[in-house]
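Everything below concerns the one structure shown next.
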Amino acid sequence: MVYTGRPLVVIPTYNEAGNIGEAIRRIKRQLPEIDILVVDDSSPDGTADVVRSLSEVYPNVELIQREGKLGLGSAYRLGFGIGLERGATSLVEMDADLSHEPESLPELIRAVEEEGADLCIGSRYVRGGASPGLKTYRLLLSRAGNLYAALALGIGIRDATSGFRVYSAQILRKIDVDTVSADGYAFQIEMAFRVQAAHGKVVERPIVFRDRKFGTSKMSLHVVTEAIFLCTVWGIQDRVAKLTGNRGGYTHYHKEGSASVVQAIVHSARHKES
Ligand SMILES: Nc1nc2c(ncn2[C@@H]2O[C@H](COP(=O)(O)OP(=O)(O)O)[C@@H](O)[C@H]2O)c(=O)[nH]1
Ligand SMILES: [Mg+2]
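To convert, take the position in the sequence shown, counting from 1, and add 17; that gives our numbering.
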């Protein structure tokens with residue numbers, strides 16, 4: 018498959034057999050020619066088989082199957098890497114579970130492909146956006162997460178945890194996606210934070226976020242604690258970098274790298290000295 022000069026939609030899946038068929042059909046109804054890359058982590062429910070049979074019906078639907086459940090962030094890193102290598106001009110993130118309505122795709126893609134945005138976020142929290150039927154605790158969690166991310170990181174984004182978004186290839190090359198380490202909500206926040214730090218143009222467009230029809234959410238307490246922890250570390254790092262006048266040479270704290278907050282701060286300060 019050749020993506021040169023076109024957007025690529027990357028969809029990570031884990032046990033989405035009940036959703037992925039409708040998702041692909043509805044995306045293709047909106048954008049018949051669009052390239053879709055599904056990254057499935059050997060879902061026990063046979064999601065991959067559904068994708069394989071649809072790829073015989075629809076053009077430009079491709080499947081990558083990985084050995085085990087390796088996480089949402091790593092699925093996107095892989096998909097984006099392939100898209101960039103093959104010359105895609107923009108890269109789309111979306112869930113398979115129909116929370117992200119395929120009917121909103123053209124507008125989000127247009128913002129990047131035609132209106133010069135580097136990141137267009139499908140947002141629940143701008144005028145016209147909504148999340149009807151979302152359970153109260155999930156709404157609270159999302160609101161609190163966004164508020165905390167905004168306070169800790171100073172990003173002026175209303176819906177920084179939204180996973181329905183489009184990046185320009187150019188900004189993904191600039192922010193070096195391979196070194197993004199977070200996996201769940203923190204992945205979305207880290208990506209948005211990096212785009213802003215790289216002076217990318219971020220816009221939000223309203224979406225209606227629906228609760229998933231089939232299957233269960235893979236988001237867990239671990240994903241939430243990871244987001245809180247990483248936002249705190251990045252926030253401290255960013256402030257230290259600002260105080261030491263070293264924001265330009267600022268290195269992002271990496272989960273697998275230095276193992277503690279203290280090390281991350283020391284690292285920032287050292288950077289200033291050298
Ligand atoms: N490949 C892959 N996909 C995943 C993994 N975890 C979640 N997903 C997919 O990522 C998307 C978002 O996950 P979801 O459970 O809907 O999270 P929520 O929207 O926050 O409830 C869905 O399409 C999932 O099937 C994973 O470990 N590997
Ligand atoms: Mg979802």
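Glycine included, each C-beta is placed from N, C-alpha and C at the ideal position. Nothing here was measured: the structure is a model prediction, and the numbers come from that model.
- Residue selection by CB proximity (closer than 5 Å to any heavy atom of ligand 2) returns 112, 114, 116 in chain order.
- The shortest C-alpha to C-alpha distance from residue 106 to any of 225, 183, 257 is the one to 183.
- In the structure shown, residue 60 adopts coil according to DSSP, grouped into three states.
- Comparing alpha carbon positions, the residue from 26, 21, 38, 220 closest to residue 231 is 38.
- DSSP lists 138 as the bridge partner or partners of residue 221.
- Residues of the same chain with a CB within less than 6 Å of the CB of residue 247, apart from the 5 flanking positions on each side, are 199, 203 in chain order.
- Counting the other Cβ atoms within 10 Å of the Cβ of residue 141 gives 16 or more, which makes it buried.
- Excluding sequence positions up to five before and after residue 115, its CB lies within less than 7 Å of the CB of 36, 39, 40, 227, 229, 230, all in the same chain and listed in chain order.
- For residue 208, the distance from the CB to the nearest heavy atom of ligand 1 is not below 7 Å.
- Taking 7 Å as the cut-off, the C-beta of residue 152 does not count as close to any heavy atom of ligand 1.
- In the DSSP assignment, residue 160 falls outside any beta strand (DSSP E) and within the unbroken alpha helix (DSSP H) covering 153-170.
- Under DSSP, residue 24 takes part in a beta bridge, and its partners are 107.
- If you draw a straight line from the Cα of residue 94 to the Cα of residue 137, it comes to about 18 Å.
- Inter-residue distance for residue 86 and residue 66 is about 17 Å (C-alpha atoms, whole angstroms).
- According to DSSP, residue 81 shares a beta bridge with 56.
- Relative to ligand 1, even the nearest heavy atom lies 7 Å or more away from the CB of residue 146.
- With a cutoff of 7 Å, residue 57 counts as near ligand 1, since its C-beta is closer than that to a heavy atom of the ligand.
- Between residue 206 and residue 166, the CB-CB gap stays under 8 Å.
- Taking C-beta atoms under 8 Å as the contact rule, residue 197 and residue 90 qualify, at a distance of about 7 Å.
- Rounded to the nearest whole angstrom, the CA to CA distance from residue 53 to residue 83 is 17 Å.
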